[in-house]
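What follows is a single structure, written as C-alpha cells, with notes after it.
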C-alpha cells in the first residue's frame, strides 16, 4: 500500500481515518494576560495570550464604531526540526492574517469602540495543523478574557492521505500526503470562517473532506467547552 | 492594497443598494452574478523576459514577467527545478497604495497565486533538472499590479499562468559535468493549466470577479483553483466573514465551470502567440 497507511487502514501514528490526535486544553495559564490558553494538539504545543480591549496605539488606528482585532502567529526558533529564523516569515504573516479573519466573525467588536484586542499565538512545538490548534486555543483565550462573542471558533484540518480522506493531518501526512485542508467552524452558527487547501481533490472528495473537517471541529468544540467549564464552573475551591 | 475604508456610511448605503440589486440577480455594473468582466491578455510583450503577460480584467491591470536562471536545487529535492513566485502592488495601482515592503495583503496574494500553480503541478519541475543534485532551472515569476479595481487574485494568477505558457528557456548541453548554453530555446514542460476563480459573498449572494467597490462591501471572499481535469488544487477563504457548507459547495461548482471557460480563453491566446 503506502508507508502512510498500513494494510488495516491504520495511519502512521496508529490513528483511524476519522480520529483526532490527543488534545489537551488549559485555560488561564498566563497571569498577566487578560485571557490565555495552552493547547496540546498531538505534538503541537501552543500558548496564546489575549490583551485587551485596550486603548489603541497609535491613536489614529482606532475605529469610531468598533474594536480592532490584531493577531500574531509566531513560531519559536526551536519549534521545528531545522532552526527557524525568529523574524516573521511570509508564511507566518499569511497565517496571522487568516487566523484574524477566522476569529473575527465570532467576536462582537462593536461592543468595544476605539480599542484594540491583541491575540498572540506562540508555537512552542510544531507538528502539522498548528494554525488550527492556534485558532482553537485563541478562541478559548478570547472567551477567558471575557470578550463578548457570538460563538466559539473550533478548527481542525482534514485531508487526503494514501488515497483516503482522513481527519486531522499530522506533520508527516502533511508533507507526504496528497491534500491538506484546514477549516475553522463556528459550531452554533454553522459558519465556516477559515478554509484553505493545498493539494488535489475532486468535487466529491472536497465535499467529503469538508464534512469530515466540520465533524472534527465539533469534537474540538466539545473539548474547548470542557476546558472553559473546568475553570469557570468547577465546584472545586482553588487553593 | 485594497481600497481603505473611507466612509462607513457610504459603504453601508452602497451595500444596501447592492444587496437589493443582487436579489434581482443584477450588479451595479450591469453584470450577472457569475459574469466576469472583459478579460484581455497580451503575451510576450517584454522581450528581455523569458516569458511575459499583461492582463486586464476590467480596470484591474497586472503585468507578469518570467525570468529563468540556472541554480542549485534545494538539498531535500535534488531532482526538482525551482519555482518562485512574487507579487507586488505598485504605488501606481491606486491612491491608497504606497511604496515599501509588501504588506500582508500582497504576501497573501503572492502565496495564494503560488499555491494554485504549485499544487496543480502546472510546471513539470522534475523535467527542469540539468545535473541531478547540482544544477536545475529556477523559474522566477514576478507580478506587479499596475492598477487595482478588485479581484487581484485572478488577474495575477492569469498573468503568471499565461506568461509561463509562453515562456521559452535556454537549452543547455552537459559536457564533462559542465553546462554549455546553446542558442536553442525550448518551452517550459507544462502538465496542466490551473485557473483560479475568486468569488465574493455579499449577503446571501455569491458573485464572481468582484470589483473594488464590491470588495469594499463583501462579507467574505473565496479563491478556488482547478486543473484541466476539474480537480480542485488550491483554496483560500479571505476577509473576516464566513460561508455556509451549501455556499461553499455552490462556489466549487461555479469555480469548475468558470475555470473551464477561462482556461479555453487562456489556451487560445497562448497557442496563437506561439504560432504567430
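Chains as they are written, first to last, in our numbering: chain V, 74 to 312; chain F, 2 to 277. Cβ atoms here follow ideal geometry from the backbone N, Cα and C, with glycine treated the same way.
With a threshold of 8 Å between beta carbons, residue 238 of chain F makes contact with chain V. Taking a Cβ-Cβ threshold of 8 Å, the residues of chain V close to residue 105 of chain F are 166, 167, 169 and 170, in chain order. At a cut-off of 8 Å between C-beta atoms, residue 250 of chain V does not count as an interface residue with respect to chain F. Between the region 188-195 of chain V and the region 122-134 of chain V, the count of Cβ pairs shorter than 8 Å is three or higher; the stretches touch.
In terms of Cβ geometry, residue 90 of chain V and residue 240 of chain V form a close pair [threshold 8 Å].
Among the residues facing chain V, residue 116 of chain F is included, as its CB has a counterpart in that chain under 8 Å away. Contact check for residue 82 of chain F against residue 235 of chain F fails: the beta carbons are separated by 8 Å or more.
Residues of chain V with a Cβ closer than 7 Å to the Cβ of residue 112 of chain F are, in chain order, 163 and 167. Secondary structure in the region 133-174 of chain V: the beta strand (DSSP E) runs of 3 residues or longer, each lying completely within the stretch, are 141-148 in chain order.
At a cut-off of 8 Å between beta carbons, residue 271 of chain V contacts chain F.
Closest in C-alpha terms to residue 286 of chain V, from the list V:242, V:201 and V:307, comes V:242.
For the C-beta of residue 141 of chain V, not a single chain F residue is nearer than 7 Å; the gap to the nearest is close to 11 Å.
Against chain F, a Cβ distance below 9 Å from residue 266 of chain V picks out 221, 238, 241, 242, 243 and 244.
Within chain F, 245 have C-beta atoms less than 7 Å from the C-beta of residue 263 of chain V, given in sequence order.
Residue-level contact check: residue 235 of chain F touches chain V, since one or more beta carbons of chain V fall below 8 Å from its beta carbon. By the Cβ neighbour-count rule, residue 216 of chain F is buried, with 16 or more other Cβ atoms within 10 Å of its own. Using a Cβ-Cβ cut-off of 8 Å, residue 261 of chain F is close to nothing in chain V; its nearest Cβ partner there is about 13 Å away.
Every unbroken stretch of the beta strand (DSSP E) spanning 3 or more residues and falling wholly within the region 54-100 of chain F is given here in chain order: 61-72 and 83-90. DSSP places residue 118 of chain F outside any beta strand (DSSP E); the residue lies instead in the alpha helix (DSSP H), whose first and last residues are 105-120. For residue 232 of chain F, the closest Cβ of chain V is nearer than 8 Å. Secondary structure within the region 85-123 of chain V: not one fully enclosed alpha helix (DSSP H) run of 4 or more consecutive residues is present. Among the residues of chain V, none has a CB under 8 Å from the CB of residue 255 of chain F; the nearest is roughly 11 Å distant. Residues of chain V with a Cβ closer than 9 Å to the Cβ of residue 250 of chain F are, in chain order, 276, 279, 280 and 283. Among the residues of chain F, none has a CB under 7 Å from the CB of residue 131 of chain V; the nearest is roughly 16 Å distant. Sequence-distant Cβ neighbours of residue 223 of chain V in its own chain, meaning closer than 7 Å and more than five residues away, are 179, 181 and 262. With contacts defined by Cβ atoms closer than 8 Å, residue 16 of chain F and residue 218 of chain F form a contacting pair.
Of all residues in the region 175-193 of chain V, the ones placed with a Cβ closer than 7 Å to any Cβ belonging to chain F are 177 and 178, in chain order. Secondary structure of residue 172 of chain F (DSSP, three-state): strand. Between residue 155 of chain F and residue 199 of chain F a beta carbon distance of about 5 Å is seen, short of the 8 Å cut, so the two are scored as contacting. In this structure, residue 145 of chain F places its C-beta atom within 8 Å of the C-beta atom of residue 91 of chain F. Counting only runs of 4 or more residues that sit fully inside the region 229-275 of chain V, the alpha helix (DSSP H) segments are 244-249, in chain order. The region 213-228 of chain V makes contact with the region 104-122 of chain V; the number of CB pairs closer than 8 Å reaches 3 or more. By a beta-carbon distance limit of 8 Å, residue 290 of chain V contacts residue 260 of chain V. Their separation comes to about 7 Å.
Residue 138 of chain F has F:71 as its beta-bridge partners, per DSSP.
In the three-state DSSP reduction, residue 226 of chain V falls in the coil class, being neither helix nor strand. Distance from the CA of residue 270 of chain F to the CA of residue 126 of chain F, rounded to the nearest whole angstrom, comes to 24 Å.
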